[in-house]
Amino acid sequence: MEILSAQANGVTLLLLSAWFVVEAVRRLIDPPAVHGLLVTVVAVAGIGVNLLAVWAMSKANRESLNIQGSYQHILTDLYAFIATAVAGVLVWWTGWNRFDSLAALVVAALMLRAGIGLVRDAGRVFLEAAPRGLEPGTIAQAMHTFPAVTRVDDLHVWEVTSGMPALSAHVFVDLQTDCHDVRRELEVMLRDRFAITHTTIQTDHAAIGQQAATPCPLDTHGSSHCS
Numbered sequence: 275m276e277i278l279s280a281q282a283n284g285v286t287l288l289l290l291s292a293w294f295v296v297e298a299v300r301r302l303i304d305p306p307a308v309h310g311l312l313v314t315v316v317a318v319a320g321i322g323v324n325l326l327a328v329w330a331m332s333k334a335n336r337e338s339l340n341i342q343g344s345y346q347h348i349l350t351d352l353y354a355f356i357a358t359a360v361a362g363v364l365v366w367w368t369g370w371n372r373f374d375s376l377a378a379l380v381v382a383a384l385m386l387r388a389g390i391g392l393v394r395d396a397g398r399v400f401l402e403a404a405p406r407g408l409e410p411g412t413i414a415q416a417m418h419t420f421p422a423v424t425r426v427d428d429l430h431v432w433e434v435t436s437g438m439p440a441l442s443a444h445v446f447v448d449l450q451t452d453c454h455d456v457r458r459e460l461e462v463m464l465r466d467r468f469a470i471t472h473t474t475i476q477t478d479h480a481a482i483g484q485q486a487a488t489p490c491p492l493d494t495h496g497s498s499h500c501s
């Protein structure tokens with residue numbers, strides 16, 4: 275639900291940005307009457323309210339895409355009121371009503387930027403792509419630095435929800451090493467170096483010079499593979 279909400283927030287911002295562009299272009303072609311003083315007063319009041327909201331939201335954990343989506347909505351509202359206040363002052367001062375439309379285009383650009391970011395980040399979760407900052411190739415190299423590891427197959431890195439990366443892999447170790455010890459060492463490394471705590475690692479003994487693998491002996495929990 276968190277990721278669905280973030281996706282909905284992002285799509286809403288994209289739709290709003292498109293609507294703002296259409297309305298801004300229409301007003302540039304046929305500018306309506308704009309009361310600069312009234313626009314400025316309302317915009318300043320809106321700035322005050324949104325500053326309080328942004329201050330409150332800034333204390334929340336914005337690693338959550340859902341909270342980040344709400345924060346982006348409020349932040350965009352704040353920028354919109356600032357742009358509106360500037361436009362209102364300019365209209366009041368110069369009498370050129372098209373400043374109102376130009377401000378709308380600025381707001382549309384801000385909405386577009388925020389919307390694309392939310393849709394992109396939520397899309398990565400839906401598509402089970404590797405989280406930003408976690409490259410599977412780099413993780414595989416880190417796993418291969420363990421002397422006992424001979425091969426890493428079927429490595430998958432994805433994100434269950436925002437702030438919860440997950441990893442699964444099939445790891446082969448040499449015959450002289452306890453594969454369960456290697457699995458525990460890999461889990462510690464993945465937690466400390468990459469902040470991945472949700473792992474499913476299957477370990478097997480690899481025969482020297484062969485692609486075939488021999489099963490690990492049972493560990494103390496009676497399992498023939500590690501996860």
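Numbers in our numbering are just positions in the sequence shown, counted from 1, shifted up by 274.
Just so it is clear, CB atoms sit at the ideal spot from N, CA and C, and this is done for glycine as well.
N- and C-terminal bounds of the alpha helix (DSSP H) containing residue i
i	result
GLY432	First, the amino acid is wrong: residue 432 is Trp here, not Gly. Per DSSP, TRP432 belongs to no alpha helix (DSSP H); it is in the beta strand (DSSP E), 423-435.
TRP293	276-303
TRP329	310-331
GLY391	372-400
ALA414	410-418
ALA502	Any property of residue 502 remains undetermined from this structure, which presents the chain solely from 275 to 501.
Contact under 8 Å by Cβ, residue i with residue j
i	j	result
LEU287	ALA388	yes
ASP374	ARG301	yes
VAL426	VAL445	yes
LEU408	PHE468	yes
ILE348	ASN371	no
PHE400	GLU459	no
THR412	VAL447	no
VAL365	VAL308	yes
MET463	ALA416	yes
SER436	SER338	yes
Continuous beta strand (DSSP E) stretch holding residue i: start and end
i	result
ILE475	472-480
Own chain, CB closer than 6 Å to residue i, minus 5 neighbours either side, in chain order
i	result
GLN281	ALA396
GLU402	TRP432
GLN346	ALA388
ALA357	ALA377, VAL380 and VAL381
ASN283	GLY343 and LEU392
THR451	ALA422
ARG465	THR471
Cutoff 8 Å; reference residue i; Cβ partners in own chain excluding five residues on either side
i	result
PHE294	ALA378, LEU379, VAL381, ALA382 and MET385
HIS472	VAL434, MET438, PRO439, ALA440 and LEU441
TRP367	GLY310
HIS418	VAL426
GLY483	For GLY483, the predicted structure reports a pLDDT of 48, less than 50, and the residue's modelled location is therefore unreliable. A value from the coordinates is still provided. There are no such residues.
Beta-carbon contacts of residue i that lie in its chain and below 7 Å, excluding the five residues immediately before and after
i	result
GLY496	The predicted position of GLY496 is uncertain, since its pLDDT is 34 and thus under 50; a value taken from the coordinates is nonetheless stated next. No residues qualify anywhere along the chain.
LEU289	none
VAL318	ALA359
SER291	ALA382, MET385, LEU386 and GLY389
ALA327	ILE348
ASN340	GLU276, SER279 and ALA280
GLU297	ALA378
ILE321	LEU352, PHE355, ILE356 and ALA359
Practice prompt. Inspect the CB distances between the segment 336-352 and the segment 310-318 and report whether three or more fall short of 8 Å.
Written response: Counting C-beta pairs closer than 8 Å gives fewer than three between the segment 336-352 and the segment 310-318, which falls short of the contact rule.
Worksheet item: Which runs of the alpha helix (DSSP H), 4 residues or longer, sit entirely within the segment 441-470?
Response: Secondary structure in the segment 441-470: the alpha helix (DSSP H) runs of 4 residues or longer, each lying completely within the stretch, are 453-468 in chain order.
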